[in-house]
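Numbering (the working numbering), first residue to last: 263 to 694. All C-beta atoms, glycine included, are put in the ideal place defined by N, C-alpha and C. Please read all numbers here as calculations on a predicted model, not as lab measurements.
This is the structure we're talking about:
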């Protein structure tokens with residue numbers, strides 16, 4: 263007989279977001295309904311016909327927070343800096359101490375874990391866009407490719423994110439990038455969960471990272487702007503992202519990082535770690551329909567949630583909260599609402615549903631990691647955040663949408679991600 267599956271728990275949280283970095287600052291922003299959205303005012307936006315001029319940018323983390331000098335940090339794309347900052351926060355929150363390996367303290371070992379059974383799985387939808395923009399600008403202007411730009415290729419490739427974390431901490435278990443657009447972070451967490459569940463790893467740093475709003479050329483905003491997926495509520499940036507509201511007109515482009523420490527439960531208890539929550543189940547499906555449009559029946563949305571619940575052994579009546587994908591687009595929100603009603607049936611109004619993107623914007627590959635952190639904290643702290651900017655609920659999104667923060671007493675919660683290309687992912691998280 264095979265070995266029974268291991269239980270997987272969450273012991274560390276590392277948010278780097280437009281509304282706060284670290285658990286305390288981030289959760290305070292969530293509880294207060296703080297918006298990270300503002301007017302985009304980089305030089306490149308002036309004189310160009312952008313329809314959307316709002317975004318939710320994240321300040322570049324202080325390199326000292328993850329143990330590097332400013333000069334060393336310049337050899338990293340901003341996505342790698344986000345990843346290292348979020349990993350440092352998550353490991354610290356997990357109570358994992360580090361010891362310098364080299365004289366300068368640039369490489370560390372983590373006390374109390376086996377590095378060969380510790381992995382790094384990080385999702386990103388785009389990767390090192392800033393470095394690509396800088397290299398392209400230098401090339402077309404005929405400028406010399408010198409300094410950090412000579413290292414553009416290893417700086418911009420998506421696998422630089424998990425690799426930099428693994429190199430920093432000496433983690434020698436499975437290390438990979440997951441690139442599935444807006445589902446990247448959730449799928450990275452799901453992959454890490456399966457590796458620990460199946461006995462391949464004891465510990466993993468996993469989640470999502472993204473940098474979309476560059477100060478160089480603005481290709482990230484431009485790409486989504488050309489697709490007409492972004493909000494044009496430029497006169498009210500903080501009210502632009504409004505999931506499930508009748509007056510929604512598109513998403514706000516966000517960025518940041520959300521990394522979590524997942525751990526085999528026996529391993530966590532042996533070192534007396536604080537357990538925030540348990541990862542109970544996970545599933546993924548594909549629409550096989552379109553690169554741009556969600557499959558209109560919503561069948562795969564329903565299927566991914568049902569498969570995730572089945573994998574967790576969690577009954578529908580044990581779920582009290584869903585952190586929805588909820589992008590604030592005309593098409594996504596009602597489709598997800600209909601899928602949720604199909605999954606939960608007559609119980610749908612016993613399940614709180616919200617979307618964190620009303621505050622953080624849509625952080626693309628980082629969204630799943632950030633929203634998993636919100637879901638974990640909601641279970642651990644017994645609170646569901648209100649639906650920010652929900653002034654006129656769309657009748658097509660007939661759900662239990664909290665207008666104020668609400669207490670949560672539930673066994674389990676879901677967090678959903680649905681991506682360009684038809685990638686669907688659902689995590690089931692359970693109270694510890």
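| message | Within a Cβ cutoff of 6 Å, which residues of the same chain sit near residue 263, ignoring the five residues on either side of it in sequence? | response | With a pLDDT of 47 at residue 263, under the threshold of 50, the modelled position of that residue is not reliable, and no figure is offered here.
| task | With a 10 Å radius around its C-beta and 16 neighbouring C-beta atoms as the bar for buried, classify residue 420 as buried or exposed. | result | buried
| message | Would residue 512 and residue 625 be called neighbours here (beta carbons separated by less than 8 Å)? | response | no
| message | Checking the sheet assignment: what are the DSSP bridge partners for residue 283? | response | 278
| message | Do residue 394 and residue 373 count as a contact pair if the criterion is CB distance below 8 Å? | response | no
| request: Leaving aside the five residues before and after residue 648 along the sequence, list all residues of the same chain whose C-beta is less than 8 Å from its C-beta, in chain order. | output: 295, 616, 664, 665, 666, 667 and 668
| request: Look at the alpha carbon of residue 579 and the alpha carbon of residue 672, and state the distance between them as a whole number of angstroms. | output: 9 Å
| message | To the nearest angstrom, how far is the alpha carbon of residue 531 from that of residue 525? | response | 10 Å
| Quick one: any contact between the segment 465 to 480 and the segment 627 to 634, if contact means 3 or more CB pairs under 8 Å? | yes
| Collapsed DSSP secondary structure at residue 645 in the structure displayed | strand
| said: Taking its Cβ as the centre, do 16 or more other Cβ atoms sit within 10 Å of residue 614, making it buried, or is it exposed? | reply: buried
| request: Would you decide whether residue 559 is buried or exposed? Buried here means 16 or more other CB atoms lie within 10 Å of its CB. | output: exposed
| Separation of residue 556 from residue 488, as counted between CA atoms | 18 Å
| So what does DSSP say about residue 384, is it helix, strand or coil? | strand
| message | Rounded to whole angstroms, what is the Cα-Cα separation between residue 369 and residue 330? | response | 10 Å
| Endpoints, the beta strand (DSSP E) within which residue 469 is located | 465 to 472
| said: I'd like the ranges of any alpha helix (DSSP H) spanning at least 4 consecutive residues and lying wholly in the segment 322 to 404. | reply: 332 to 335, 340 to 355 and 391 to 402
| task | Excluding the 5 residues preceding and the 5 following residue 639 in the sequence, name in chain order all residues of the same chain whose CB lies nearer than 6 Å to its CB. | result | 289
| Beta-bridge partners of residue 526, as assigned by DSSP | 270
| Hey, residue 682 and residue 554: beta-carbon distance below 8 Å or not? | yes
| query | How would you call residue 265, buried or exposed, if buried means at least 16 neighbouring beta carbons within 10 angstroms? | reply | exposed
| query | Is residue 507 helix, strand or coil by DSSP? | reply | strand
| Local Cβ density within 10 Å of residue 690, reported as buried at 16 or more and exposed below that | buried
| query | Is it true that the CB of residue 432 sits closer than 8 Å to the CB of residue 355? | reply | no
| Where does the unbroken beta strand (DSSP E) through residue 540 begin, and where does it stop? | 539 to 548
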